[in-house]
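So the protein sequences, as listed, match chains V and D.
The opening residue of the first sequence carries number 51 in our numbering; numbering runs sequentially from there.
The opening residue of the second sequence carries number -5 in our numbering; numbering runs sequentially from there.
Just so you know, even glycine gets a beta-carbon here, dropped at the ideal spot from N, CA and C.
For clarity, every value in this text was computed on a predicted model and none was experimentally measured.
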Amino acid sequence: MSKVKTHKSIGARSTQLSIIFFLFIFLLSMQFGPYNQSQLANISTLLIAVLSITLLTGASGQISLGQGAIMAVGGYGSALLVTRLGLSMWLAFILAIFISALFGLFLGLAAARLSGPYLAGTTLVMALAIPSIAIRFESFFSGDIGLSVDYGYPPNWLTNLIGEISIEEWSLYVALPFAALALFAVLNLSNTRSGRTWRAVRDNEVAAALTGINIARTKVIVFICASALAGLAGAIYGFRGLVAPSVYSTDLSLTLLTAAVIGGLRSIGGAIFGTFVIVFLPDLIEKLTKNLAIPESIGSYLPALVIGLLLLLTVILNPRGSAGALEHIRHARHRRSH
Amino acid sequence: MNSFLSAFFTGTAQGAIYALVSLGLVLVWRGAGVVNFAQMGQAMFTTYIASQLIQHNYSYWSAFVIALISGAILGAIVDLGLMRPLTSRKNSQLLNSQSMRTTIPVIASLGILGVLKALAGILWAGEERGFPSPVAANAIKIGNTSLAITGFDLFVIGVVFVTLVLTTIFFTRTGMGLAMRASALNPEVTRLSGIRVGSVRTLGWAISGTASSLAGLLVTPKTNLSPNTLDLLLIVGFTAAVVGGLSSLAGSVLGGFVVGYVISFVNVYSAPENVFIAILVFLLLALFIRPQGILGNKEVRRV
């Protein structure tokens, strides 16, 4: 990277890329049936959470096995605002960002003192403990049953504009703009001063401290940003129908981490690719097992096996994920052409 | 029987199992600098092996021994096949950064956990099954008053006690045990004095695999066996290890019992729903008040 990017060009580029992403998913959804449209909505939602890991682990080197718990904070926050206070869904989503950012502040204050496996273990305990709060205070959070919330109906002006909208399409139209905005925010953050500061802390704390970076403050700020993203994702994820402890399980936390690693922890394009893999690969495997007449007992565990193996292979062969592999190929070609 | 004694006995029996899990975690952490999140996945897998053997009319004890041996083998495979190549590769760009060197092994161990769970589901179907205990789980009676402790609890405490004594003898009285302690303390100097640090490290993984597989055999008669049963045990064991001190073997055992009592008293005097929150609060308190653990060494961790 020889050219120094100015703020203006970074902003313009982030805008372009986010719009390209938006249009790509939108055009793709037009080719798809209802089921795959709702899968695209899932991708848009989960991408926001995977991006939070790209920020946290990829850019600043802090690991979290508890992003699902932060999603639960956003989900419960927004669901309670809608069911108890009667706020509109959109306002609840925006407030969920602030609620989970506040949660991220406290989490970050604790996490800034921890590193590596300590942080991993503590966030894993958190992933289990936070959803159990909903069961503990059953009268407020309605326990295992959870809170029923949904995206509602598309507004009249939109149906007047583009005609009849199915439930699946509407869920995509709710999630996709947020995903594009999150993409824009993360692209901007990681390419500007704050992103460089985070990478400095990630690669060498002592060196970063010597250049005048406040390590603890930087770590807390990353946690706030990542939690805000995860909380937003959790709110949109919950409004698919149900906000309950089982929706935000530990498995969800680990799946998100897997998506980020498979795609490439340090790459935003990788986050998009990884999210596609974890959402569509199980469908693909199911189709294959049906054709090959593999018994259902095996078929139901096959996606987990393939995704687990994919994670292991990524870590062993190329810890930088598929994005790293692409870059490697590009470099090799570049060298050959000279 | 009053509730205090009942909580105390349950806490002791549960704490004994947590001590094993935490001991397994600390063994690997000291030897390889990795917290093995796949540990209870390995234990789940070997417990399934034992369960299969028992279903095919092998005796409990032969299944027990085979499970322990396969625990050791599985531990060694994880080290040789994955962790050693991963941590020894210094030229990778990603592993050059400080934070990623500790993060990547964590992710790798989560990958193993996922694969083992899925494999167990495919091989032995996912539904929960019981696992036998060699001792009846009835409350012990003295005269007409029944104690809050069951025969099985006593069996668990006995087995763990014997294991801990053997482990202590191994680490203080045998050459191999001393070599393990030396290479945990200073791998460079140990290598220079002619000890194969790599093999010693693999042995640590194997012993850790055995300890956790023993924990799996001892806990499943109460919890039943499914690919996910032992997840909780890992989290409790991790808390125990941090409370006791990740760098101290004796601390890890102590931490196991402390956490055992905490959970058991929360269960009796509060409500079972509070257990997870209690674990989280306890873990955070431990990390803030004494981050190096009860018996841990201060220099090992920078805060």
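Nearest neighbour of residue i, chosen from the options [CA to CA]
i: D/Arg195; options: D/Ala178, D/Gly188, D/Ala205 and D/Ser207; result: D/Ala178
i: V/Asn389; options: V/Ile69, V/Ile379, V/Gly349 and V/Phe326; result: Past the edges of chain V, shown from 51 to 388, lies residue 389 of chain V, and the structure says nothing about it.
i: D/Val247; options: D/Ala13, D/Leu104, D/Asn(-4) and D/Ile283; result: D/Ala13
i: D/Thr97; options: V/Ala160, V/Ala62 and V/Gly171; result: V/Gly171
i: V/Ile180; options: V/Thr247, V/His381 and V/Ala294; result: V/Ala294
i: V/Gly288; options: V/Ala225, V/Leu73 and V/Leu338; result: V/Ala225
i: D/Phe58; options: D/Leu212, D/Asn261, D/Ile106 and D/Ala280; result: D/Leu212
i: V/Ile265; options: V/Leu130, V/Tyr351, V/Leu360 and V/Arg163; result: V/Arg163
i: V/Leu174; options: V/Ser128, V/Ala161 and V/Ala184; result: V/Ala161
i: D/Val15; options: D/Ala209, D/Gln286 and D/Val237; result: D/Ala209
i: D/Ser20; options: D/Pro79, D/Ala1 and D/Gly231; result: This sequence places Val at residue 20 of chain D; Ser is not what is there. The residue with the shortest Cα to Cα distance from D/Val20 is D/Gly231.
i: V/Asp253; options: D/Val191, D/Gln33, D/Val28 and D/Met94; result: D/Met94
i: V/Ala310; options: V/Thr95, V/Leu331, V/Glu255 and V/Val100; result: V/Val100
i: V/Ser128; options: V/Ile344, V/Phe143 and V/Gly116; result: V/Phe143
i: D/Val237; options: D/Leu74, D/Ile189, D/Ala26 and D/Arg284; result: D/Arg284
i: V/Ile370; options: V/Gly319, V/Tyr126 and V/Asn341; result: Note that residue 370 of chain V is Arg in the sequence shown, not Ile. The candidate whose alpha carbon is nearest that of V/Arg370 is V/Gly319.
i: D/Asn218; options: D/Phe259, D/Ser127 and D/Gln286; result: D/Ser127
i: V/Ser347; options: D/Asn51, D/Ile101 and D/Ala119; result: D/Ala119
i: V/Gln117; options: V/Ala283, V/Leu239 and V/Leu359; result: V/Ala283
Contact belief for residue i with residue j at Cβ below 8 Å, rounded distance in angstroms
i: D/Asp147; j: D/Phe3; result: 6 Å
i: D/Gly254; j: D/Gly245; result: D/Gly254 to D/Gly245, Cβ: 15 Å. No contact.
i: V/Ser64; j: V/Leu279; result: Actually they are not in contact, since the Cβ atoms of V/Ser64 and V/Leu279 sit about 15 Å apart, beyond 8 Å.
i: D/Ala234; j: D/Gly249; result: 4 Å
i: V/Leu78; j: V/Leu90; result: 6 Å
i: V/Ile328; j: V/Thr305; result: 6 Å
i: V/Leu131; j: V/Leu145; result: 6 Å
i: D/Ala61; j: D/Ala44; result: 4 Å
i: V/Pro353; j: V/Leu331; result: 6 Å
i: D/Met34; j: D/Leu228; result: 4 Å
Any non-hydrogen atom of the ligand HEM closer than 6 Å to residue i Cβ
i: D/Glu267; result: Of the ligands one can find in the structure shown there are none, so the ligand HEM has no counterpart to examine.
Contact list for residue i against chain V, beta-carbon separation under 9 Å
i: D/Ala112; result: Tyr351, Leu352, Pro353, Ala354, Leu355, Val356, Ile357, Gly358 and Leu359
i: D/Pro79; result: Ile366
i: D/Val236; result: Tyr168, Gly171 and Thr172
i: D/Leu281; result: Ala160, Arg163, Leu164, Tyr168 and Thr172
Interface residues of chain D facing residue i [CB-CB closer than 8 Å]
i: V/Leu362; result: Leu76, Ala102, Gly105, Ile106 and Val109
i: V/Ala170; result: Val29, Phe31, Thr97 and Val100
i: V/Leu307; result: Ile101 and Leu104
Beta-carbon neighbours of residue i, restricted to chain V and to distances below 7 Å
i: D/Met94; result: Gly111
i: D/Thr233; result: Val175
i: D/Gly115; result: Tyr351
i: D/Ala119; result: Ser347
i: D/Ile229; result: Leu174, Val175 and Leu178
i: D/Leu68; result: Correct list: empty, because the minimum Cβ distance to chain V is about 15 Å.
i: D/Leu277; result: Thr172 and Val175
i: D/Leu274; result: Val175, Met176 and Ala179
Contact list for residue i against chain D, beta-carbon separation under 9 Å
i: V/Arg243; result: Per Cβ cutoff of 9 Å: no residues; V/Arg243 is ~19 Å from chain D at best.
i: V/Arg186; result: Ala265, Glu267, Asn268, Phe270 and Ile271
i: V/Pro332; result: Those within 9 Å of V/Pro332 in chain D number zero; the least Cβ separation is about 12 Å.
i: V/Leu304; result: Leu104, Leu107 and Gly108
i: V/Thr107; result: Ser93, Met94, Thr97 and Ile101
Partners in chain V for residue i, counting only beta-carbon separations shorter than 8 Å
i: D/Leu211; result: What D/Leu211 touches in chain V: nothing, since even the nearest Cβ is about 23 Å away.
i: D/Leu243; result: Near D/Leu243 there are no residues of chain V at all, since even the closest Cβ is about 17 Å away, more than 8 Å.
Under 7 Å from the C-beta of residue i: neighbouring residues of chain D
i: V/Ser182; result: Glu267, Phe270 and Ile271
Partner residues on chain C for residue i, Cβ-Cβ distance less than 8 Å
i: V/Val311; result: The structure shown contains no chain C; the protein chains it does contain are V and D.
Stretch-stretch touch, CB-based, cutoff 8 Å, three pairs: the segment 368 to 385 of chain V with the segment 301 to 316 of chain V: yes
Does the segment 220 to 229 of chain V touch the segment 114 to 123 of chain V, meaning 3 or more C-beta pairs lie closer than 8 Å? no
So, do the segment 173 to 184 of chain D and the segment 9 to 19 of chain D have three or more beta carbon pairs nearer to each other than 8 Å? no
Can you confirm whether the segment 198 to 212 of chain D touches the segment 58 to 70 of chain D when touching is taken to mean that 3 or more C-beta pairs between the two stretches lie within less than 8 Å? yes
Entirely within the segment 27 to 62 of chain D and at least 4 residues each: give me those alpha helix (DSSP H) ranges in chain order. Within the segment 27 to 62 of chain D, the complete alpha helix (DSSP H) runs of at least 4 residues fall at 33 to 49.
Do three or more CB pairs link the segment 90 to 110 of chain V to the segment 242 to 262 of chain V at distances below 8 Å? yes
Which ranges does the alpha helix (DSSP H) cover as unbroken runs of at least 4 residues, wholly within the segment 220 to 289 of chain D, from first to last along the chain? 225 to 238, 243 to 263 and 269 to 283
Run through the segment 58 to 123 of chain V for me and flag every whole alpha helix (DSSP H) of 4 or more residues, listed as ranges in chain order. Entirely contained in the segment 58 to 123 of chain V, the alpha helix (DSSP H) runs reaching 4 residues are, in chain order, 84 to 103.
Determine, using beta-carbon pairs with one atom in the segment 109 to 123 of chain D and one in the segment 31 to 47 of chain D, whether at least three such pairs fall under 8 Å. The segment 109 to 123 of chain D, when compared against the segment 31 to 47 of chain D, does touch it at the 8 Å Cβ threshold.
Say whether the segment 149 to 159 of chain V touches the segment 264 to 284 of chain V, bearing in mind that this needs 3 or more beta-carbon pairs closer than 8 Å, one atom from each stretch. yes
Three or more beta-carbon pairs under 8 Å between the segment 198 to 214 of chain V and the segment 130 to 144 of chain V, yes or no? yes
Can you give, in chain order, each stretch of the alpha helix (DSSP H) that sits fully within the segment 120 to 184 of chain D and has at least 4 residues? 145 to 167 and 169 to 179
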